[in-house]
């Protein structure tokens, strides 16, 4: 037998039409419960009207602040559900019956743990309406179940709005956009709205005094400084196109304020400075011909020959066989050259191409003619 049926048996009930029993004990000790009365009909005369009525009771807030619906869900924590013990809390979806006990487990499972909540449970958070016998009952501002009494624009329960001594509506300035930055002094636009002073609801702007309307403005926001961070330049061009080179960049500790980056001491930046040099173009270079400088001309007068080294290399430091390089692209290793100095041929005139003797001897030969030993034996 249900608890409510037991209470009905214990009530002193009059069998006379219109005579109600005593009020039952309150269903809750705090935060709003329900109590009820019943009456039974005198079968001789017949009866008209309700046989059961409710009222609210114990409306004072509970000291622990725990929602009644949460308490009911938590009562199932020690009861196995589908073979496991779960921790439950209240859950209400937009389409759920407000007077069903719907709960969500710590695993995310949502289930109906009871067909109806206990009497006195709020239909929805923030309302006076209560569940009674599994049905959501309207509760007026006079705390009477089934009452249509509502608070008027002056904040008076059941009033007609004629008791206000202060303006009912006022202008409020509120943000109309998100802050332009998350730190470092940004701004956001404001908007001016007309609100009901009592309910806080937005109403038609015609209800507010136009002469008192404030102007929209820019509001400063997120004025706290941004954390400093490392800001780096772009990488430089790689030092080589292949064979392994390096590239570099520079980092500075910067802080943003008023949309401007400012250099600050390095210790303000968290973490170590990012690396400023790294290898690049590490792919091996194809073998290429590398030439050395030209030698001096092979003669001191007239025309001669110059030579140079031509080497097949895979890098500036490593040589390889010439067969790995394209022989059609091999540079010349010799070329003709001229000193611009004519060679002297002696008495017969003209020039002699070739090597000159050691310079002191050459100069002497030019300035002092050689007398042959044969010439002294010739007859005059």
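Residue numbers (UniProt numbering): 1 to 380. The beta-carbon is built from N, C-alpha and C at its ideal position, and this holds for glycine as well.
For the stretch 32-83, the full-length beta strand (DSSP E) segments reaching 3 residues or more read 33-38, 52-57 along the chain.
According to the DSSP secondary-structure assignment, residue 335 is paired through a beta bridge with 306. Put simply, the stretch 296-314 does not touch the stretch 274-283. Fewer than three CB pairs are less than 8 Å apart.
According to DSSP, residue 191 shares a beta bridge with 174.
When beta bridges are read from the DSSP output, residue 218 appears opposite 189.
Within the same chain, Cβ atoms closer than 7 Å to the Cβ of residue 188 are found at 175, 177, 178, 179, 180, 219, 221, the five residues on either side in sequence being excluded. DSSP places residue 323 within a helical segment (H, G or I) once states are collapsed to three. In the displayed model, residue 328 falls within a helix according to three-state DSSP. The C-alpha of residue 28 lies about 10 Å from the C-alpha of residue 60. Residue pairing by DSSP places residue 102 opposite 112 in a beta bridge. Three or more Cβ pairs closer than 8 Å define a contact, and the stretch 125-142 falls short of that threshold against the stretch 73-87. Collapsing the DSSP output to three states places residue 87 in coil. Spanning the alpha carbons of residue 156 and residue 50 requires a straight line of approximately 30 Å. Within the DSSP bridge table, the entry for residue 297 names no partner. Counting the other CB atoms within 10 Å of its CB gives residue 95 a total below 16, which places it among the exposed residues. Leaving aside the five residues that flank residue 201 on each side, none in its chain has a CB nearer than 6 Å to its CB. Contact annotation, residue 307 with residue 295: C-beta distance approximately 5 Å; criterion of less than 8 Å satisfied. Residue environment analysis places residue 120 among the buried positions, since at least 16 neighbouring C-beta atoms fall within 10 angstroms of its C-beta. The criterion of a C-beta distance shorter than 8 Å is satisfied by residue 143 and residue 56. Pairing residue 113 with residue 164 gives a Cβ-Cβ distance that is not under 8 Å. Counting along the chain, the unbroken beta strand (DSSP E) around residue 263 starts and ends at 260-263. Nearest C-alpha to residue 298 among 261, 338, 322: 338. For residue 212, the secondary structure class from DSSP, reduced to helix, strand or coil, is helix. In the displayed model, residue 205 falls within a helix according to three-state DSSP. Comparing alpha carbon positions, the residue from 107, 239, 125 closest to residue 282 is 239.
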